[in-house]
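K.L.:
Read in order, the letters of the sequence shown are residues 112 to 634 in the working numbering.
Just so you know, even glycine gets a beta-carbon here, dropped at the ideal spot from N, CA and C.
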Amino acid sequence: MSKQDASDGIPAAEAPAKRPPLNKYALACAILASMNSILLGYDVSVMSGAQLFMKQDLKITDTQIEILAGIINIYSLVGSLAAGRTSDWIGRRYTMVLAAAIFFAGALIMGLAPSYAVLMLGRFVAGVGVGYALMIAPVYTAEVAPTSARGLLTSFPEVFINTGVLLGYVSNYAFHSLPVHLSWRVMFLVGAVPPVFLALGVLAMPESPRWLVMQGRIGDARRVLAKTSDSPAEAEERLADIKKAIGIPEGVGDDNDDVVVVARKNKGTHGEGVWRDLLLRPTPPVRRILIACLGLQFFQQASGIDSVVLYSPRVFQKAGLQSDSNSLGATMAVGACKTLFILVATFFLDRVGRRPLLLTSAGGMVVSLVTLASALHAIDRLPAGQQATPLAGVSIAAVLVFVGSFSIGMGPIAWVYSSEIFPLRLRAQGCALGTAMNRVMSGAITMSFISLYKAITFAGSFYVYAGVAAAGWVFMFFFLPETRGRSLEGTEQLFGGGGGQDSSREDERDAQKKSAELTSSQQ
């Protein structure tokens with residue numbers, strides 16, 4: 112066979128399409144929406160240093176510290192589960208304002224707490240804010256962003272979480288020299304300042320176009336899409352896709368831009384029936400989507416990232432950095448590395464895709480966790496009093512590689528991916544379930560770490576996390592399809608949805624029924 116014949120069946124390579132310039136309005140919306148995530152990261156990481164001084168001031172035990180540090184993730188379940196219905200009811204934008212107000216109240220209560228019980232109340236309030244912020248920022252950003260930049264913009268919440276983590280570490284270091292009874296209080300009170308300005312900034316943002324269409328505000332949605340799309344044609348295409356996903360017949364609301372279509376009569380515009388369709392009677396594609404979301408969120412946290420974020424000063428002290436200033440300084444390096452490497456994911460998400468970054472990330476986490484565990488195991492075997500400077504260096508480097516690996520994939524992409532794959536009507540509550548899984552695992556990990564390392568040593572703990580990360584790599588390889596370049600309304604097809612005859616006929620019947628309702632309501 113000739114070379115030409117052999118190549119006849121191979122399609123010619125196409126030149127890559129030129130990427131449109133980044134939409135500055137959508138960028139500004141994504142930045143403002145993601146600012147709440149700074150408060151989330153700060154509230155979590157500030158405990159890593161505050162606990163050292165809180166323990167002395169309030170005379171509390173390691174067990175109480177362990178519970179206090181991790182319980183915020185369990186409390187956040189209240190916020191994450193409520194955020195889905197809240198955002199469907201009052202809108203994505205006002206839900207973000209509510210989250211900022213909750214963060215403000217939580218920071219004040221924690222900073223002024225006279226006792227452990229009041230401190231626990233403050234952690235509860237802050238935890239509710241964490242749940243709201245974790246769920247709403249990725250959903251809003253995914254719904255506003257144009258397809259060409261959705262990965263970049265939807266990763267912003269994780270960028271700002273890492274920025275908040277770094278600021279929490281900086282606060283620990285900046286105030287650690289204050290008197291013990293003041294240092295940890297100032298660390299918490301500083302977190303009450305940003306929410307005031309963030310709430311005002313969020314009010315300047317537009318509402319999500321998808322939420323506007325769900326409420327029948329077609330004209331408002333069209334105006335937002337015109338500003339956040341790469342071209343007028345894309346804006347109209349996105350609007351048509353959203354209307355089709357909701358069940359609004361083609362042409363309704365187009366003759367008069369100010370027509371308010373009574374789409375809220377449609378099933379599910381305020382979240383009714385969604386839990387049933389997600390959990391009790393999901394279709395096979397929805398079931399696969401739910402497994403993908405919950406599995407990804409499970410492995411993101413079960414691999415131990417929050418144990419490192421919260422307890423890195425203890426890990427570094429175990430590695431040989433005995434003074435508070437040295438261990439807190441090394442912890443700042445962790446925050447800087449975690450924040451720096453998140454930019455890698457931010458700029459490559461829409462270029463190389465979600466899967467390659469996820470698999471690279473999980474692989475790096477496995478290697479670094481095994482290295483860290485081995486170094487700490489070697490330190491345990493050293494004779495008493497012998498210096499372990501080289502092994503301490505290896506331990507610090509392994510922690511930095513671990514958080515860097517996490518930040519290039521598992522950190523941001525878990526939120527990007529979860530916000531992309533659910534059908535529009537199920538998106539808010541589906542993401543809320545993913546957030547709930549994330550927070551449950553984070554709480555379980557952080558509330559058990561001290562007990563775990565006392566039972567099986569630091570080295571044993573990190574070997575366990577390495578095994579979980581390896582299992583996560585296998586899960587992602589086999590269960591997560593690539594979503595890069597797909598519209599939000601088209602990702603369901605990757606899981607086997609949106610193409611069957613039965614679903615088409617059902618959609619057609621629903622559309623005819625809703626068309627009759629809408630026509631009569633307009634008359």
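Can you check whether the CB of Trp-295 is closer than 8 Å to the CB of Gln-540?
P.N.:
Within the sequence shown, numbered from 1, the residue matching residue 540 stands at position 429. Within the sequence shown, numbered from 1, the residue matching residue 295 stands at position 184. No, the pair does not count as a contact, with Cβ atoms beyond the cut-off.
K.L.:
Roughly how many angstroms separate the alpha carbons of Gly-475 and Gly-327, rounded to a whole number?
P.N.:
The residue given as residue 475 occupies position 364 in the sequence shown. The residue given as residue 327 occupies position 216 in the sequence shown. For Gly-475 and Gly-327, the distance between alpha carbons rounds to 47 Å.
K.L.:
Distance check for Ala-430 and Leu-470, CA to CA, integer angstroms please.
P.N.:
Position 359 of the sequence shown, counted from the first residue, corresponds to residue 470. Position 319 of the sequence shown, counted from the first residue, corresponds to residue 430. Computed Cα separation, rounded: 29 Å.
K.L.:
Determine contact between the stretch 302-318 and the stretch 206-213, defined as no fewer than three beta-carbon pairs at a distance below 8 Å.
P.N.:
Yes: at least three Cβ pairs fall under 8 Å.
K.L.:
Anyone know if the C-beta pair for Gly-152 and Thr-274 falls short of 8 Å?
P.N.:
Along the sequence shown, one-based indexing puts residue 152 at 41. Along the sequence shown, one-based indexing puts residue 274 at 163. Yes.
K.L.:
By DSSP, does Pro-592 sit in helix, in strand, or in coil?
P.N.:
By 1-based counting over the sequence shown, the position of residue 592 is 481. Residue state, collapsed to three classes: coil.
K.L.:
For Thr-546, name the three-state secondary structure that DSSP assigns.
P.N.:
Against the sequence shown, residue 546 aligns to sequence position 435. The answer is helix: DSSP assigns Thr-546 an H, G or I state.
K.L.:
Using alpha carbons as the reference points, say which of Lys-166, Ile-524, Thr-174, Thr-339 lies closest to Pro-131.
P.N.:
What you label residue 131 is simply residue 20 of the sequence shown in a count that begins at 1. Answer by Cα proximity: Thr-339.
K.L.:
Which residues in the same chain as Ser-598 place their Cβ atom closer than 7 Å to its Cβ, once the five residues preceding and following it in sequence are excluded?
P.N.:
In the sequence shown, residue 598 corresponds to position 487, counting from 1. Only Thr-258, Asp-352 meet the Cβ criterion.
K.L.:
Check the C-beta distance from Gly-262 over to Asp-491 and give it rounded, since I have them as a contact under 8 Å.
P.N.:
Walking along the sequence shown from the start, residue 262 turns up at place 151. Walking along the sequence shown from the start, residue 491 turns up at place 380. So it is not a contact: roughly 42 Å between Cβ atoms.
K.L.:
Count the other C-beta atoms from every protein chain shown that fall within 10 angstroms of the C-beta of Ile-247, then say buried if there are 16 or more, exposed otherwise.
P.N.:
For the purposes of this step, residue 247 is taken as the residue at position 136 of the sequence shown. Its Cβ being crowded by 16 or more others within 10 Å, Ile-247 is buried.
K.L.:
For Phe-588, count neighbouring C-beta atoms within 10 Å of its own C-beta (all shown protein chains included) and say buried if the count is 16 or more, exposed if not.
P.N.:
Here residue 588 refers to the residue found at position 477 when the sequence shown is read from its first residue. So Phe-588 counts as exposed.
K.L.:
Considering only residues of the same chain and omitting the five flanking positions on each side of Gly-238, which have a CB-CB separation below 6 Å?
P.N.:
Position 127 of the sequence shown holds residue 238. So the qualifying residues of the chain are Ile-183, Tyr-186, Ser-187.
K.L.:
The alpha helix (DSSP H) with Leu-314 in it runs from where to where?
P.N.:
Looking up residue 314 in the sequence shown gives position 203. Leu-314 -> alpha helix (DSSP H) spans 305-314.
K.L.:
Identify, in the order they occur along the chain, each residue of the same chain with its Cβ nearer than 6 Å to the Cβ of Gly-515, setting aside the five sequence neighbours on each side.
P.N.:
Here residue 515 corresponds to residue number 404 of the sequence shown, with the count starting at 1. Taken in chain order, the residues that qualify are Cys-448, Phe-452.
K.L.:
Taking the Cβ atom as the reference point for each residue, do Ala-484 and Ala-577 lie within a distance shorter than 8 Å?
P.N.:
Counted from its first residue, the sequence shown places residue 484 at position 373. Counted from its first residue, the sequence shown places residue 577 at position 466. Cβ atoms of Ala-484 and Ala-577: closer than 8 Å.
K.L.:
What number of angstroms, rounded off, separates the C-alpha of Ala-413 from the C-alpha of Leu-223?
P.N.:
In the sequence shown, the residue the question calls residue 413 occupies position 302. In the sequence shown, the residue the question calls residue 223 occupies position 112. Cα to Cα, the separation comes out at about 33 Å.
K.L.:
Can you check which of these residues, Arg-398, Phe-410, Val-527, is closest to Ala-456 by C-alpha distance?
P.N.:
By one-based count along the sequence shown, residue 456 stands at place 345. The shortest Cα separation from Ala-456 among Arg-398, Phe-410, Val-527 belongs to Val-527.
K.L.:
Among Gly-545, Arg-203, Gln-167, which residue has its Cα nearest to the Cα of Ala-141?
P.N.:
Here residue 141 refers to the residue found at position 30 of the sequence shown. Out of Gly-545, Arg-203, Gln-167, Arg-203 has the C-alpha closest to the C-alpha of Ala-141.
K.L.:
Across the stretch 158-165 and the stretch 280-299, are there enough close Cβ pairs to call them in contact, namely three or more that are closer than 8 Å?
P.N.:
Yes, they touch.
K.L.:
In this structure, does DSSP put Asp-341 in helix, strand or coil?
P.N.:
Counted from its first residue, the sequence shown places residue 341 at position 230. Note: Asp-341 maps to coil in three-state DSSP.
K.L.:
Considering just the uninterrupted stretch of the alpha helix (DSSP H) at Ile-149, what are its terminal residues?
P.N.:
By 1-based counting over the sequence shown, the position of residue 149 is 38. 147-169 is the span of the alpha helix (DSSP H), which, as asked, contains Ile-149.
K.L.:
To which residues of the same chain is Ser-418 closer than 7 Å at the C-beta, ignoring the five residues directly before and after it?
P.N.:
Within the sequence shown, residue 418 is the residue found at index 307, counting from 1. Cβ within range, chain order: Ile-556, Thr-557, Phe-560.
K.L.:
Considering Ser-479, what are the terminal residues of the alpha helix (DSSP H) in which it resides?
P.N.:
Position 368 of the sequence shown holds residue 479. 465-491 is the extent of the alpha helix (DSSP H) around Ser-479.
K.L.:
In chain order, what residues of the same chain lie with their CB nearer than 7 Å to the CB of Phe-586, ignoring the 5 residues before and after it?
P.N.:
Residue 586 sits at position 475 when you count from the first residue of the sequence shown. Excluding positions up to five away in sequence, the list reads Gly-406, Phe-410.
K.L.:
Roughly how many whole angstroms lie between the Cα atoms of Phe-459 and Phe-606?
P.N.:
For this step, residue 459 is matched to residue 348 along the sequence shown. For this step, residue 606 is matched to residue 495 along the sequence shown. One C-alpha to the other measures close to 24 Å.
K.L.:
Between which two residues does the alpha helix (DSSP H) carrying Ser-423 extend?
P.N.:
For the purposes of this step, residue 423 is identified with residue 312 of the sequence shown, where counting begins at 1. Here the alpha helix (DSSP H) through Ser-423 covers 416-430.
K.L.:
Asn-283 to Pro-343, Cα distance in whole Å?
P.N.:
Sequence index remark: in the sequence shown, residue 283 carries index 172 (1-based). Sequence index remark: in the sequence shown, residue 343 carries index 232 (1-based). Each residue's Cα considered, the two are about 48 Å apart.
K.L.:
DSSP three-state label for Glu-603, please.
P.N.:
Residue numbering aside, residue 603 sits at position 492 when the sequence shown is read from its first letter. Helix at Glu-603.
K.L.:
What number of angstroms, rounded off, separates the C-alpha of Gly-554 from the C-alpha of Leu-219?
P.N.:
If you number the sequence shown from 1, residue 554 lands on position 443. If you number the sequence shown from 1, residue 219 lands on position 108. Answer to the nearest angstrom: the Cα atoms are 22 Å apart.
K.L.:
Check for me: the alpha helix (DSSP H) holding Glu-177 runs from which residue to which?
P.N.:
For the purposes of this step, residue 177 is taken as residue 66 along the sequence shown, with counting starting at 1. Unbroken alpha helix (DSSP H) run through Glu-177: 173-201.
K.L.:
Let's see if you can read the secondary structure: which residues bound the alpha helix (DSSP H) around Ala-265?
P.N.:
Within the sequence shown, the letter at position 154 stands for residue 265. Sequence inspection shows Thr at residue 265; the Ala mentioned does not correspond to that position. Element bounds for Thr-265: 261-265.
K.L.:
Is the CB-CB distance between Thr-442 and Ser-423 below 8 Å?
P.N.:
Translated into positions along the sequence shown, residue 442 becomes position 331. Translated into positions along the sequence shown, residue 423 becomes position 312. Yes, the Cβ-Cβ distance between Thr-442 and Ser-423 is below 8 Å.
K.L.:
By the 10 Å Cβ neighbour count, where 16 or more other Cβ atoms means buried, how is Asp-173 classified, buried or exposed?
P.N.:
Position 62 of the sequence shown, counting from 1, holds the residue named residue 173. That one is exposed.
K.L.:
Terminal residues of the continuous alpha helix (DSSP H) containing Ile-402?
P.N.:
Position 291 of the sequence shown holds residue 402. 395-413 is the extent of the alpha helix (DSSP H) around Ile-402.
K.L.:
Please report how far the alpha carbon of Val-270 lies from the alpha carbon of Lys-565, in whole angstroms.
P.N.:
Position 159 of the sequence shown, counted from the first residue, corresponds to residue 270. Position 454 of the sequence shown, counted from the first residue, corresponds to residue 565. In a straight line, the C-alpha of Val-270 is about 33 Å away from that of Lys-565.
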